[in-house]
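Chemist:
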Amino acid sequence: MSAPFFKYGLFGSEASLIVAVFIGIGFGFFLERAGFGSARKLAAQFYFTDMTVLKVMFTAIVTAMVGVYYLSVFGVLDLSLVYLTPTYLAPQIAGGLILGFGFVVGGYCPGTACVSASTGRYDGWIYVGGLFAGILFFGEVFHWVEKFYASTPMGQVTLPQLLHMPYGLLVFLVCVMAVGAFAAAEWGEKKMAAKKEGK
Amino acid sequence: MTVHSSDDFAPKPYWNPYLAGIGLGLVLLASFVIMGRGLGASGAFSSAVAWGVQRVSPEHANSNPFYAEYLGDGTTNPLKDWLVFEVIGVFIGGFISAKLAHRVKGKLEKGPRISNRGRLLYAFLGGGMMAIGAKLARGCTSGQALTGGALLNLGSWAFMISVFIGGYALAYIMRRQWL
Chain A
1025 MSAPFFKYGL FGSEASLIVA VFIGIGFGFF LERAGFGSAR KLAAQFYFTD MTVLKVMFTA
1085 IVTAMVGVYY LSVFGVLDLS LVYLTPTYLA PQIAGGLILG FGFVVGGYCP GTACVSASTG
1145 RYDGWIYVGG LFAGILFFGE VFHWVEKFYA STPMGQVTLP QLLHMPYGLL VFLVCVMAVG
1205 AFAAAEWGEK KMAAKKEGK
Chain B
3 MTVHSSDDFA PKPYWNPYLA GIGLGLVLLA SFVIMGRGLG ASGAFSSAVA WGVQRVSPEH
63 ANSNPFYAEY LGDGTTNPLK DWLVFEVIGV FIGGFISAKL AHRVKGKLEK GPRISNRGRL
123 LYAFLGGGMM AIGAKLARGC TSGQALTGGA LLNLGSWAFM ISVFIGGYAL AYIMRRQWL
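For the record, the sequence lines run as chains A and B.
Residues in the first sequence are numbered from 1025 upward in steps of one, following my numbering.
Residues in the second sequence are numbered from 3 upward in steps of one, following my numbering.
#1: Do the stretch 32-52 of chain B and the stretch 84-97 of chain B make contact, defined as three or more Cβ pairs closer than 8 Å?
#2: For chain B, is any of its Cβ atoms less than 8 Å away from the one on C1199/A?
#3: Opposite N155/B in the DSSP bridges: which residues?
#4: Are G1130/A and Y124/B touching if we call contact CB-CB under 8 Å?
#5: Counting contacts by CB-CB distance shorter than 8 Å, is V1129/A in contact with chain B?
#6: Taking 6 Å as the limit between beta carbons, can you name the residues of its chain near L1108/A, skipping five residues before and five after?
#7: Based on DSSP bridge pairs, tell me the residues matched to P1177/A.
#8: Would you mind sorting Y1032/A into buried or exposed? The rule is 16 or more other CB atoms within 10 Å of its CB.
#9: Does P1115/A pass the burial test, meaning 16 or more other C-beta atoms within 10 Å, or should it be called exposed?
#10: Counting only Cβ-Cβ distances shorter than 9 Å, please list the residues of the stretch 136-154 of chain B near chain A, keeping chain order.
#11: Can you pull the chain A residues whose beta carbon is under 8 Å from the beta carbon of P67/B, in chain order?
#12: For E111/B, report the span of its alpha helix (DSSP H) as first-last.
#13: Taking 8 Å as the CB-CB limit, is E1056/A close to chain B?
#14: Roughly how many angstroms lie between the CA atoms of W159/B and A136/B, to the nearest whole one?
#15: For Y1151/A, which option in E1056/A, G1036/A, G1135/A and E1221/A has the closest C-alpha, if you only look at C-alpha atoms?
#16: Reducing DSSP to helix, strand and coil, say where V1101/A ends up.
#17: Can you tell me the Cβ-Cβ gap for M1089/A and A152/B, rounded? I've got them flagged as a contact below 8 Å.
#18: Name the chain A residues whose beta carbon is nearer than 8 Å to that of P114/B?
#19: Roughly how many angstroms separate the alpha carbons of F1054/A and L154/B, rounded to a whole number?
#20: Between the stretch 1111-1123 of chain A and chain B, which residues of the former have a C-beta closer than 7 Å to a C-beta of the latter?
#21: With distances taken Cα to Cα, identify the nearest neighbour of C142/B among F1070/A, Q1069/A, A1137/A and T1073/A.
#22: Can you tell me the Cβ-Cβ gap for I1047/A and L148/B, rounded? I've got them flagged as a contact below 8 Å.
#23: Using a cut-off of 7 Å between C-beta atoms, extract the partners of P1184/A located in chain B.
#24: Alpha carbons only, please: which of Y1132/A, E1164/A, L1078/A and D1102/A is nearest the one belonging to F1206/A?
#25: May I ask you to verify whether the stretch 98-116 of chain B touches the stretch 1097-1111 of chain A, counting CB pairs closer than 8 Å and requiring at least 3?
#26: So, does the stretch 66-74 of chain B touch the stretch 43-52 of chain B, judging by three or more C-beta pairs under 8 Å?
#27: Return helix, strand or coil for A12/B, following the three-state DSSP convention.
#28: Is it buried or exposed, V1165/A, if we count other Cβ atoms within 10 angstroms and call 16 or more buried?
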């Protein structure tokens, strides 16, 4: 075991901020390469005309998931030192729905809005303004939602733990599911394009 | 990809989505391996808001558990935070990619059937809704869907499915903005 490097003390908190900038640069770079600086391209996901969001997201999840799996199996990465957000099922489902509404209304998510803004899109800047306003609003009404926010706590739990299934099997199943989703996305895009031609 | 000399300054096509996805996944993997944490975005905005509120009214900020979580013990500036620096990187990385592909341009992203003002209003509203959803869910598309998705985190998968349901549920009402 020698990773995560930061947790093994290879560098300190000050240096971690420099690492943060470089990881952010990589993150922003590939988001922009995918076309995620454009709200139209992102929103097209919800009209089945361009399934890039699904393709990029699931490819990224599968890539990182398989990498984490093998690195932990081979004893390079200590998974117990990788931060896992605790599950609070009800607020996370409700938050996901509201976030989904915000996605199709605003056209971005927080990360893609930053890319959109930095590449000159005015709607990206306004969206970022909306983010600040929304967080301030949430902070000010927090005492009203605090109880719901802390409801249905399940601790740090992964799908293999919940389902009592081997980690590797679940990794494999997610890969199969992703390939199925990609095939469906390619088929759906062709279908929509044909429909448009026919008009 | 063919490059025409007359189109040297025209916006280049986006990458193949699977290739961009692999790149994004490798960045996420690098974050796990180097830092022991995934990517994020909304947390950086929370730190900035908490910092701003504290500047205006320290008592108000410190008595609110939501802000207090981002303010820490007061020994370090709340803006000296990993996610704040990561998001600064996202701005830089997005700009570099767009610049290299001639895609940096001041414009509005919208469908042909909505006014500029309408689009900006929706952008603001959508940003606000997104922020509330992300705070309630303890993360956004990056911190929950991507990061937790790759770690097979239960809450993240429940979140991710809800995001798609929410988006598709409102898509028909919002179609004038995009189609």
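Cβ atoms here follow ideal geometry from the backbone N, Cα and C, with glycine treated the same way.
Modeler: The answer reads as follows:
#1: The stretch 32-52 of chain B, when compared against the stretch 84-97 of chain B, does touch it at the 8 Å Cβ threshold.
#2: It does not: the Cβ of C1199/A has no partner Cβ on chain B nearer than 8 Å.
#3: Note: N155/B sits in a beta bridge opposite T1182/A.
#4: Note that the C-beta distance between G1130/A and Y124/B is below 8 Å.
#5: Yes - at least one Cβ of chain B is within 8 Å of the one on V1129/A.
#6: Within the same chain, L1108/A has close Cβ partners Q1180.
#7: Answer is Y1112/A.
#8: By the neighbour-count rule (16 or more Cβ atoms within 10 Å), Y1032/A is not buried but exposed.
#9: Of the residues assessed, P1115/A falls on the buried side of the cut-off, its CB having 16 or more other CB atoms within 10 angstroms.
#10: A136, K137, L138, A139, R140, G141, C142, T143, S144, G145, Q146, A147, L148, T149, G150, G151, A152, L153 and L154: these are the residues of the stretch 136-154 of chain B whose beta carbon lies less than 9 Å from some beta carbon of chain A, given in chain order.
#11: What P67/B touches in chain A, judged by beta-carbon distance under 8 Å, is F1166 and E1170, going in chain order.
#12: It is not in any alpha helix (DSSP H) - E111/B carries neither H nor E in the DSSP assignment.
#13: Yes, E1056/A lies at the interface with chain B (some Cβ there is under 8 Å from its Cβ).
#14: Going by the C-alpha atoms only, they are around 14 Å apart.
#15: Closest option to Y1151/A, judged by alpha-carbon separation, among E1056/A, G1036/A, G1135/A and E1221/A: G1135/A.
#16: It is Leu, not Val, that sits at residue 1101/A in the sequence shown. Reduced to three states, the DSSP call for L1101/A is strand.
#17: About 4 Å; that satisfies the 8 Å criterion.
#18: Residues of chain A with a Cβ closer than 8 Å to the Cβ of P114/B do not exist, since the nearest Cβ in that chain sits about 10 Å away.
#19: Taking C-alpha positions only, F1054/A is separated from L154/B by approximately 22 Å.
#20: Residues T1111, Y1112, L1113, P1115, Q1116, I1117, A1118, G1119, G1120, L1121, I1122 and L1123.
#21: For C142/B, the nearest C-alpha among the options comes from A1137/A.
#22: Contact doesn't hold; Cβ gap of about 13 Å is too wide.
#23: Per Cβ cutoff of 7 Å: L154.
#24: The shortest Cα separation from F1206/A among Y1132/A, E1164/A, L1078/A and D1102/A belongs to L1078/A.
#25: The stretch 98-116 of chain B is not in contact with the stretch 1097-1111 of chain A.
#26: Yes: at least three Cβ pairs fall under 8 Å.
#27: Here A12/B sits in coil by DSSP.
#28: Under this definition V1165/A is an exposed residue.
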